[in-house]
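Working notes, structure below.
2 protein chains.
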Amino acid sequence: MSSTNISNNSGSAPNVPEVVIQRLPLYVRALTQFAGSGDDVISSEQLGQRLQMTPAQIRKDLSYFGRFGKQGRGYSVASLEQRLRSILGLDRAWNTMVIGMGRLGRAVVSYPGFAPEGFNIVAAFDADDSIVGETVSGLDIQSISDLAKTVKEKDIKIGIVTVPIERAQEVIDTLVDAGIKSILNYAPLSPKVPEGVTVRGIDPVLSLQSMTYYIS
Amino acid sequence: MSSTNISNNSGSAPNVPEVVIQRLPLYVRALTQFAGSGDDVISSEQLGQRLQMTPAQIRKDLSYFGRFGKQGRGYSVASLEQRLRSILGLDRAWNTMVIGMGRLGRAVVSYPGFAPEGFNIVAAFDADDSIVGETVSGLDIQSISDLAKTVKEKDIKIGIVTVPIERAQEVIDTLVDAGIKSILNYAPLSPKVPEGVTVRGIDPVLSLQSMTYYIS
DNA sequence: GTTTGTGAAGGATTTCACAGCA
DNA sequence: TGCTGTGAAATCCTTCACAAAC
Chain A
2 MSSTNISNNS GSAPNVPEVV IQRLPLYVRA LTQFAGSGDD VISSEQLGQR
52 LQMTPAQIRK DLSYFGRFGK QGRGYSVASL EQRLRSILGL DRAWNTMVIG
102 MGRLGRAVVS YPGFAPEGFN IVAAFDADDS IVGETVSGLD IQSISDLAKT
152 VKEKDIKIGI VTVPIERAQE VIDTLVDAGI KSILNYAPLS PKVPEGVTVR
202 GIDPVLSLQS MTYYIS
Chain B
2 MSSTNISNNS GSAPNVPEVV IQRLPLYVRA LTQFAGSGDD VISSEQLGQR
52 LQMTPAQIRK DLSYFGRFGK QGRGYSVASL EQRLRSILGL DRAWNTMVIG
102 MGRLGRAVVS YPGFAPEGFN IVAAFDADDS IVGETVSGLD IQSISDLAKT
152 VKEKDIKIGI VTVPIERAQE VIDTLVDAGI KSILNYAPLS PKVPEGVTVR
202 GIDPVLSLQS MTYYIS
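Going line by line, the protein sequences match chains A and B. Each residue of the first sequence is one higher than the one before, counting from 2 in the numbering used here. Each residue of the second sequence is one higher than the one before, counting from 2 in the numbering used here.
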């Protein structure tokens, strides 16, 4: 959750609300599941039931991007999934890097959930010279001073920040300077970034801290 | 993030929007940082600068719960933090449990960020009998059939789900049956839960999948 | 002089409800 | 008949702007 800064959308659809963009991956995921075991066609009603949201919202969300359904029948599961993947840029692979090779960073690079979705971790960095050169999950740990060069060489578009909070802002500044526009931030901090850079925070403590409101 | 189902708020303030509740922990965190190194008093302007949001929004959010500031001066850092913690139920400790002791579950129980914030992991469960009885980070892995009993005995209020997606809905149903009202879900799925149960999803892939929209 | 707290205004998002199409 | 796509209505959330308080 934490801070999210919207940038351009180079595609065709203008002015799509950020909340809508954040729901599209949910649709993709649900469609993928449906594709595995079931019908060829799905209605907004069925999708809504699966995702616990209203059919109207789903139809409205999709309408920002075009007309994907057939009246009276619903949506083709396969083709809607394909169209949404293309809109989100998920019909290609993305090179990513992890900065911060402590406990958390190591867990992230060895997490098997990224690659199947097309997010390949192709570089790992740490500020601590004493671990630079070590290998983690097949990746050489590099010095952060190599970052800009490696970003260019390996065409890395996404940075995953797993450094301690004290270093997080400085590391994020480095990513921004290297031209990175998409940052997944595991540090418990709301970083400052310029317009045009998107940051999404992963912060389980923050999630817990807002849930307790409802049980206290 | 994923699915969120709002329940009652047993406190005094009625009808507080969910988005507001989710911002309060950000305020708490920023205030804690300010308390460490700085002034006794903070204005909504300063807080807003830190968190990249407007002062008006901060004041409006706080106004749902009372009047915490002094005109012309701002807010007492310490007392605002304390008040917000109390509103969120963070002025006490919470017992939590982790269900699913695979790679991810082990990372979660050994993550050092929960306890300092008052979230104590006091039980660990797995469906796989062959690892029941093992010890992970000082916790015995228990069978899920013990879950309801342990929830009662140890006064556990929060469940953290780290099982594979295939088992997630069934495990979440078990938690709900055991009376759990707050669930932190690491499985990549939007689970169905009854009203009155809050689920927050932690899902880095989902975050990545919505960021690519802005760079593709 | 400064900054809060808050009605009112404005903007954004969701839901409604129905015309139109298969 | 069944379901989409979508303007219009309703609701929700944010920002404005200023009186009141220090």
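For glycine and all other residues, C-beta sits at the position ideal for the given N, C-alpha and C.
Close beta carbons around residue i, own chain, < 8 Å, minus the five adjacent residues each side
| i | result |
| --- | --- |
| V78(B) | L32, F35, A36, G39, D40, D41, V42 and I43 |
| I157(B) | N96, T97, M98, V123, A124, T151 and I181 |
| I159(B) | W95, N96, T97, M98, F120, I181, S183, I184 and L185 |
| A169(A) | V162, N186, A188, L190 and P192 |
| I145(B) | I100, F126, D127, A128, V172 and T175 |
| A57(A) | S45 |
| V29(B) | E82, L85, R86, L89 and L91 |
| P165(A) | G101, G103 and A188 |
Residues near residue i in its chain [Cβ-Cβ closer than 7 Å; skip 5 each side]
| i | result |
| --- | --- |
| L81(B) | L32 and F69 |
| N6(A) | For N6(A), the pLDDT reaches just 37, beneath the cut-off of 50, and the residue's location in the model is therefore unreliable, although a value from the coordinates is still provided. These residues qualify, in order along the chain: V194, E196, V198, T199 and V200. |
| M212(A) | none |
| L27(A) | L52 |
| N16(A) | none |
| R60(B) | S45 |
7 Å Cβ cutoff, residue i in contact with chain A
| i | result |
| --- | --- |
| S45(B) | no |
| I22(B) | yes |
| V206(B) | yes |
| E222(B) | As shown, chain B starts at 2 and ends at 217. That puts residue 222(B) outside it, with no answer to give. |
Chain A contact residues for residue i, given Cβ-Cβ distances below 8 Å
| i | result |
| --- | --- |
| I157(B) | What I157(B) touches in chain A: nothing, since even the nearest Cβ is about 11 Å away. |
| G90(B) | T213, Y214, I216 and S217 |
Bridge partner(s) assigned by DSSP for residue i
| i | result |
| --- | --- |
| R201(B) | L185(B) |
| T151(A) | Its beta-bridge partners do not exist; DSSP assigns none. |
| D127(A) | S144(A) |
| K71(A) | G75(A) |
| V99(B) | A125(B) and I161(B) |
| F120(B) | W95(B) |
| I43(B) | Y76(B) |
| V177(B) | Note: V177(B) sits in no beta bridge, so no partner. |
| V137(A) | L140(A) |
Below-7 Å beta-carbon distance, residue i vs any chain B residue
| i | result |
| --- | --- |
| P198(A) | Strictly speaking, residue 198(A) in this sequence is Val, with Pro absent from that position. No, its Cβ sits nowhere closer than 7 Å to a Cβ of chain B. |
| T5(A) | Its pLDDT being 40, under 50, T5(A) is placed unreliably by the model, and nothing is read from it. |
| L131(A) | In the sequence under discussion, the amino acid at residue 131(A) is Ser, which differs from the Leu named in the question. Not an interface residue. |
| R201(A) | yes |
| L32(A) | no |
Same chain, Cβ closer than 6 Å to residue i, neighbours up to 5 away in sequence not counted
| i | result |
| --- | --- |
| T55(A) | G49 |
| A179(B) | L148, A149 and V152 |
| G75(B) | V42, I43 and S44 |
| I142(A) | M102, A125, D127, I132, V133 and E135 |
Under 9 Å by beta carbon: chain A residues contacting residue i
| i | result |
| --- | --- |
| F115(B) | P205, V206 and L209 |
| S183(B) | L209, M212, T213, Y215 and I216 |
| R84(B) | Going along chain A, no residue has its Cβ under 9 Å from R84(B), so there is no contact; the nearest lies around 13 Å. |
Residue i: contacting residues in chain B (beta-carbon distance under 7 Å)
| i | result |
| --- | --- |
| G73(A) | Under the 7 Å cutoff, chain B gives no residues; its nearest Cβ is about 27 Å from G73(A). |
| P26(A) | L207, Q210 and S211 |
| R168(A) | In chain order: nothing, as chain B lies at least about 15 Å away. |
Contacts that residue i makes with chain A (C-beta to C-beta distance below 7 Å)
| i | result |
| --- | --- |
| A108(B) | A108 |
| R60(B) | Residues of chain A passing the Cβ test: none, with the nearest at roughly 18 Å. |
Residue i: contacting residues in chain B (beta-carbon distance under 9 Å)
| i | result |
| --- | --- |
| R68(A) | Near R68(A) there are no residues of chain B at all, since even the closest Cβ is about 20 Å away, more than 9 Å. |
* To do: Could you tell me whether the region 136-145 of chain B touches the region 99-110 of chain B, using the rule of 3 or more Cβ pairs below 8 Å?
  => yes
* Asked: Can you find at least 3 beta carbon pairs, one from the region 204-211 of chain B and one from the region 18-32 of chain A, that sit closer than 8 Å?
  -> yes
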